Every structure is written in structure tokens, then in C-alpha cells.
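Before any comments, here is the structure.
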Amino acid sequence: MGRTVTVATCALNQWALDFEGNLERIFRSIDIAKSRGARYRLGPELEICGYGCSDHYYESDTLLHSFQVLAELLESPATQDIICDVGMPVLHRNVRYNCRVIFLNKKILLIRPKISLANAGNYRELRWFTPWNKARHVEEYFLPRIIQEVTGQETVPFGDAVLATKDTCLGAEICEELWAPNSPHIEMGLDGVEIFTNSSGSHHVLRKAHTRVDLVNSATAKNGGIYILANQKGCDGDRLYYDGCAMISVNGETVAQGSQFSLDDVEVLVATLDLEDVRSYRAEISSRNLAASKANPYPRVKVNFALSCSDDVAVPTCMPIEWRHHSPEEEISLGPACWLWDYLRRSKQAGFLLPLSGGIDSSATACIVYSMCHQVCLAVKNGNADVLADARKIVNDETYIPEDPREFCKRIFTTCYMASENSSQDTCNRAKLLAEQIGSYHINLNIDAAVKAIMGIFSMVTGRTPRFSAYGGSGRENLALQNVQARIRMVLAYLFAQLTLWTRGMPGGLLVLGSANVDESLRGYLTKYDCSSADINPIGGISKTDLKNFIQYCIENFQLTALSSIMSAPPTAELEPLVDGQVAQTDEADMGMTYKELSIYGKLRKIAKAGPYSMFCKLINMWKEICTPREVASKVKHFFRMYSINRHKMTTLTPSYHAENYSPDDNRFDLRPFLYNTTWSWQFRCIDKEVNGFHFLYGFPFKAFSME
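Residue numbers (my numbering): 180 to 887.
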């Protein structure tokens with residue numbers, strides 16, 4: 180009868196400008212799809228060149244090499260008898276488009292340009308591409324000679340069209356178009372398209388996966404149909420981790436789910452689906468059918484090919500499944516760990532070095548590396564030859580097999596506790612115990628000699644010796660003395676990263692890991708060019724609250740009992756003198772705000788787009804049970820003063836794993852000045868006017884309104 184279709188989608192760990200590696204992974208996905216009986220294969224957005232090429236999209240080389248890869252795909256026997264849908268940039272009439280190139284048996288069927296470009300948050304597609312603004316319009320595209328020689332075609336259709344095969348009709352969406360309020364699948368579905376495809380380059384954000392899944396399922400819940408989503412996975416060269424989650428949905432229900440976090444470079448989902456399920460589902464939706472009778476038709480590209488077989492009555496089809504979502508703690512354990520693995524193997528370094536202070540942030544970073552080691556050992560156990568080959572290159576041993584996470588950790592992870600006269604024995608012991616439990620190669624050293632040498636130079640030149648405030652010094656002296664310690668730790672971290680393996684008779688160098696969380700970066704509670712300055716930072720986009728929950732997760736799931744005492748200790752920088760051998764300095768006292776408050780400020784500032792006045796207006800209601808309007812005003816003013824004074828630090832922030840939508844990353848996500856008028860005179864005056872307008876009745880604030 181020709182009613183069941185077998186389709187494939189995939190998640191590929193593509194790498195920007197790695198044309199050879201990207202081609203190999205595309206071929207592997209096609210081979211897997213064909214071996215499982217698929218007649219259509221969908222790949223991620225811009226998979227040929229890699230999504231994260233950024234300004235390399237301007238280069239003609241990127242276009243040339245993309246077409247060279249396409250030519251190899253077209254002429255390969257591996258791509259015969261299966262419709263292949265690949266992504267690449269295309270220049271049409273001197274305008275650059277983000278496109279899908281759909282081909283079958285050495286013939287290009289359609290080049291479909293992206294209609295809605297992603298241009299918010301981390302995305303800057305309008306910088307490099309132009310959206311196709313001609314709805315339901317197709318033009319001739321003149322193929323370059325290297326493609327003409329393979330296909331024998333001079334021109335092919337280019338534009339907003341759909342494919343009509345012998346048995347069904349397919350229409351393409353590209354990433355952002357699913358998220359747009361006027362998604363193409365709506366009109367395509369009304370025009371009889373039964374299979375919708377979406378090629379994405381969607382990155383991980385904590386607690387975001389369910390939104391993507393809900394959008395896919397809702398796309399066919401009201402209109403019926405089959406929705407196939409492909410996505411990039413892994414770190415393709417920057418701060419983002421693309422989190423896979425390839426999926427297939429039918430009539431609003433998921434029938435196939437890919438992994439969100441995995442070390443597999445190629446993951447293929449194949450599903451066999453019944454077209455009659457779509458047709459019968461649509462038949463009883465009268466409102467849909469009335470709208471469909473008035474739909475404007477799409478240009479159809481006729482394809483002499485079927486996705487089904489003529490004798491398929493007995494072919495089993497896929498049934499709905501329940502999507503399993505990771506908890507935020509699992510996401511922190513897995514996402515940054517996979518990102519670190521990609522960065523490590525692709526940078527061709529021999530491991531990581533982490534300044535381990537015995538506090539929550541550096542301990543959480545150490546746990547993420549330990550989780551990475553777990554993932555590597557598990558992947559090797561499950562037969563992942565790519566991971567095994569990469570592990571052997573990293574440890575420089577062609578016979579090595581990583582089986583024990585602690586043993587692998589010992590080879591590739593060095594932790595270093597850098598004590599000073601202001602460090603407590605408690606933090607030293609906590610760092611040492613955690614290092615023992617995760618298996619890292621641990622170093623204890625003391626920085627006092629280096630600090631005294633630096634301060635000796637200053638005193639010799641100026642004739643003055645600064646003092647901590649505990650000993651009668653000024654605030655300037657106190658801060659400078661803290662910063663010297665912090666910056667010396669950064670210098671030593673890089674020295675040991677370069678030479679530690681040399682002292683052990685091992686080749687290679689180490690990547691330095693930073694461990695400043697998103698809240699500290701937002702407040703600027705860090706020393707510029709201290710240990711927060713590193714090569715990469717896996718927790719730089721994660722809040723202190725989430726990190727505490729992650730630490731508890733590690734206690735329970737990795738049996739790291741050393742973390743219990745770390746959890747119960749108050750966060751401290753340990754840069755000021757001890758009092759009777761105990762820490763007197765705490766982070767929240769230094770900052771003048773709690774980490775919980777910082778998270779709220781961050782979300783209001785970035786996600787709610789609130790300036791000082793709007794933040795005050797929102798918080799007087801949020802905090803009405805715990806703060807007076809005057810207290811709220813004081814807190815808001817203090818935050819914005821500290822944020823603006825320290826904003827310059829974001830220009831040198833270590834590249835961090837992006838995990839939160841209120842990240843202050845200055846690179847491309849949070850674009851703001853770094854030289855502010857820190858008095859905020861006009862804004863704060865507006866707040867004061869509101870505060871002075873409040874009256875108090877029975878201890879509660881209310882606003883008096885005039886009836887005149």
C-alpha cells in the first residue's frame with residue numbers, strides 16, 4: 180500500500196571549519212541511516228562547515244570548501260537511494276543564505292534558504308546571513324562548475340518550496356523557524372505537507388530542553404503530521420555546548436528520543452511511521468480542514484522516489500514514548516563534562532590543572548572533571564572507538580584503556596592548593612581529601628615567599644609598606660594586598676600547567692581551569708587576572724545556588740564524602756588575616772549581598788531587561804514581606820554601583836560554558852558598556868522619589884494617591 184515511511188535524523192558533533200572531519204561524520208550518519216532502512220536522512224544546521232564559523236562565513240573559502248564537501252557527498256555511492264538533507268552556506272545573487280541542500284541520486288532537488296534567522300542571545304545570524312523574504316517563491320540557482328560536473332544540472336530550484344514524493348509531501352524548517360510565532364510548519368501543514376523537518380544548531384541552557392520538546396510536539400498536536408528534528412552536539416569551537424536531543428514526533432507525541440549529553444560523535448535516530456495515522460488524525464479536525472481549504476499553495480518539487488515500500492502492511496511502526504528529562508544537577512554533571520572533553524581532545528593538550536581552594540566553586544569544577552572521566556570510561560566500556568583513540572592520544576599511550584575514572588583522573592587532572600599565611604588548615608585538608616577521592620594528582624604549595632618578594636619590591640621603590648585593615652591599614656591597602664595574593668596564584672597556575680608534566684617525565688601541557696561562578700562575575704567579586712583568569716571555565720555560567728545543589732548530587736551519586744564539609748563551610752576568599760587561626764572573611768559579607776539575592780538581580784537585569792528603576796519596582800512586590808521599600812532601594816543601588824564599577828572585568832572574563840540566560844559574558848551574549856557613570860544619578864533619583872512616596876500603615880508600606 181505504501182503507507183509506512185522510514186526516516187532518520189541525527190545529532191552530529193561537528194567542528195567549525197573541520198571540513199574533513201565533518202564530512203566523515205556526515206558519511207557515517209548516512210551509512211547508519213541506510214543500514215537501518217531509512218529512505219530520508221536529516222542532518223543538523225550548517226553541518227558541512229560547522230555552525231560556529233562566525234566571521235569565517237564572510238570568507239569565500241568557507242563557501243568553496245562547503246561546495247567541495249557537497250560534491251564528494253553527491254558523487255559517493257553511500258548517498259544513493261536515500262534523500263539526503265544537509266546544511267551549508269550558499270551565495271545566491273551575491274547574497275549569503277543559511278541553506279538546506281536536499282539531494283537524491285546525484286541530483287539536487289531543492290536549495291531551501293532559512294526564513295527566520297536567530298539573532299538574540301548568543302546568536303548573530305543576521306551578521307552573516309540574510310533571511311529569505313519571498314514566501315512561496317522559487318528562483319533558479321546557477322550551480323558552481325564543481326557541482327555541475329557531478330550532477331549534470333546547470334540550475335536547481337532555490338527558495339521556499341516543498342518536496343512531493345510518490346507517497347507523501349515534505350517541508351523543511353531551519354532551527355529558529357520552529358521558535359517563531361509564524362512558523363512555516365503551520366501553513367505547510369494546511370497545504371498538505373505531512374512530514375516536517377527541522378535542522379537545528381540549538382545550544383544547551385539549564386532547564387531549556389523541555390521547551391524544545393514541547394515546541395516540537397505542539398507543532399503537530401494541532402495540525403497533525405510527522406516532525407523530525409536534528410541538532411548539532413558538542414563544543415564546535417566556542418562557549419556553547421550543543422546538546423543534541425534529536426527527536427521524532429507524530430501527532431503531538433514523541434516516538435524517538437536522542438541523548439542530550441553524550442561523547443558519541445555520531446548519533447542516528449531511525450523511525451518507521453504510518454502516514455495514515457497523520458491523515459486520520461487530520462480528518463477529524465474540522466477547524467484545520469476549513470483553514471486548509473483556503474491555504475495558499477507552496478511550490479512543489481516533484482520527486483520520483485518513495486519513502487515507503489509497496490508491500491508494507493506488516494511493517495511495525497514506532498509507538499509513543501515518554502520523554503525523560505535530566506534534572507538540573509544531572510545537566511551540570513554532564514553538559515560541562517562533555518564540553519571539557521571536546522575542548523581537551525580538540526586542543527591536543529594533555530589534561531587540566533585546577534587551583535583547588537577547598538571551596539564550593541573550585542570543588543564543583545573538580546567534580547565536573549571527575550564526571551568527564553566517568554563519561555570517558557563509560558563510553559570506552561560501551562565500545563566507543565573514537566573516545567578510546569582520543570584518550571590514548573591525550574595520555575600518550577597507544578595501549579591504554581581507561582577503565583577506572585580515578586585512575587584516568589590521575590593521568591589527566593592536576594589540582595593545586597596554593598596556601599598563604601591567610602589560609603586555614605580546614606580548607607587545605609578539604610582540598611586534599613577531595614583530590615584523594617577523585618584521584619587527581621595533587622600539589623600543595625605556599626605562596627608567601629612570592630608575596631613577600633613582590634611587596635619587598637614595592638617597599639624598596641616607594642619606601643612605604645601597605646597593611647591589612649585588620650592591622651590599621653586603609654581600604655586601598657587592604658584590597659591591594661589581597662589582589663597580590665590572587666594574581667600570584669594565577670601566575671603560578673600557568674607555570675605549573677606548563678611544566679608539571681615535564682617534572683613527571685610526561686609530554687605535553689595542561690589547560691588551566693577557572694572556577695568563578697556566574698553570580699560572582701555579575702557582581703565583579705573577583706580579582707582581575709587572578710585564578711579566575713584561565714583557559715576555560717566550566718562553571719562560569721552556573722549560579723552558586725545550582726552549584727550547591729550539584730555538590731549535593733555528587734555526594735549522593737559519586738560518593739564524594741569530602742564534599743560534605745565543603746558544603747557546610749561559609750564561602751570565603753581567604754585573602755585577609757586569620758583571627759585566632761580561623762577565617763574571618765566571608766564572600767557574602769564582602770559583597771554586601773547574598774548569593775540568592777545576586778541570582779535574582781542577575782535574572783531581572785538580563786532576562787527581565789530591568790534597569791535600576793524597574794528592578795526596584797519589581798522587588799518592592801517580590802520582597803514586600805521581608806524588606807521595606809527603602810531597604811529594597813538601598814539593595815538595588817548597591818548592586819548597580821558594584822555591577823557598574825566592576826563591569827570592566829567582564830572584558831577579560833575567561834571563556835565559560837554557557838548555561839544561564841543571565842550570564843554577564845561580555846563576548847557576545849551580554850553586550851553592554853564597561854565604563855559606566857557609576858552614580859546612576861537620574862535612575863537613583865527616580866527610585867528615591869518612589870520611596871519618599873510610600874507611607875506606612877500598621878507596619879506595611881502603601882502608596883498614597885491624590886484624588887485631585
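We treat Cβ as the ideally placed atom computed from N, Cα and C, and that holds for glycine. Being a predicted model, the structure only gives us computed values, none of them experimental.
- Between the alpha carbons of L513 and I718 lies a distance of about 12 angstroms.
- Here Y836 really is in contact with G720; their C-beta atoms are around 5 angstroms apart, less than 8 angstroms.
- About 7 angstroms separates the beta carbon of L739 from that of I617, a gap short enough to meet the 8 angstroms contact definition.
- Taking all protein chains in view, the Cβ of S378 is crowded by 16 or more other Cβ atoms within 10 Å, so the residue is classified as buried.
- A direct Cα-Cα distance of roughly 25 angstroms separates G431 from C263.
- Secondary structure in the region 377-449: the alpha helix (DSSP H) runs of 4 residues or longer, each lying completely within the stretch, are 388-400 in chain order.
- Beta-bridge partners assigned by DSSP to K286: L283.
- E735: member of the alpha helix (DSSP H) spanning 723-736, first to last residue.
- Cβ contact annotation for K828 (same chain, cutoff 8 angstroms, sequence separation greater than five): S700, G703, L705, K707, in chain order.
- Distance between L288 and N728, taken at the CA atoms: about 51 angstroms.
- Counting every other CB atom within 10 Å of its CB across the protein chains shown gives N277 a total of 16 or more, marking it as buried.
- Of all alpha-carbon atoms in I374, A343, R324, T334, the one lying nearest the alpha-carbon of E318 is that of T334.
- Under the three-state reduction of DSSP, F819 is assigned to helix.
- Fully enclosed alpha helix (DSSP H) runs of no fewer than 4 residues occupy 539-560, 564-574, 584-591 of the region 533-603, in order along the chain.
- G781 is positioned such that its CB atom lies no closer than 8 angstroms to that of Q862.
- Straight-line measurement puts the Cα of Q554 at about 14 angstroms from the Cα of C733.
- Here the region 427-445 lies against the region 510-528, with 3 or more beta-carbon pairs under 8 angstroms apart.
- With 16 or more neighbouring CB atoms inside 10 Å of its own CB, Q764 falls in the buried class.
- In the three-state reduction of the DSSP assignment, A297 falls in the coil class.
- Boundaries for T347: no beta strand (DSSP E) harbours it, and the DSSP string shows neither H nor E there.
- For G618, the three-state secondary structure derived from DSSP is coil.
- If you draw a 10 Å sphere on the C-beta of M685, you find fewer than 16 other C-beta atoms in it, and that means exposed.
- With at least 16 other beta carbons inside 10 angstroms of its own, W311 counts as buried.
- Excluding five sequence positions before and after G693, the CB atoms of its chain that fall closer than 6 angstroms to its own CB belong to S711, A713, N716, T833, given in chain order.
- With a 10 Å radius around the Cβ and a threshold of 16 neighbouring Cβ atoms, S362 comes out buried.
- For V317, the enclosing beta strand (DSSP E) covers residues 317-321.
- In this structure, S744 is the residue among T344, S744, S813, D415 with its C-alpha nearest to the C-alpha of K611.
- Straight-line measurement puts the Cα of S619 at about 4 angstroms from the Cα of K589.
- Proximity of the region 247-263 to the region 294-302 falls short of the contact definition, fewer than three beta-carbon pairs being nearer than 8 angstroms.
- At the C-beta level, T330 and K285 come within 8 angstroms of one another.
- The continuous beta strand (DSSP E) containing D264 extends over residues 262-271.
- Distance between I294 and I353, taken at the CA atoms: about 8 angstroms.
- A direct Cα-to-Cα measurement between R820 and S860 gives close to 11 angstroms.
- Annotated three-state conformation of S472 is coil, per DSSP.
- Relative to the Cα of K785, the nearest Cα in the group V457, Y774, S842 belongs to S842.
- Counting of Cβ neighbours within 10 angstroms places P581 among the buried residues, the total reaching 16 or more.
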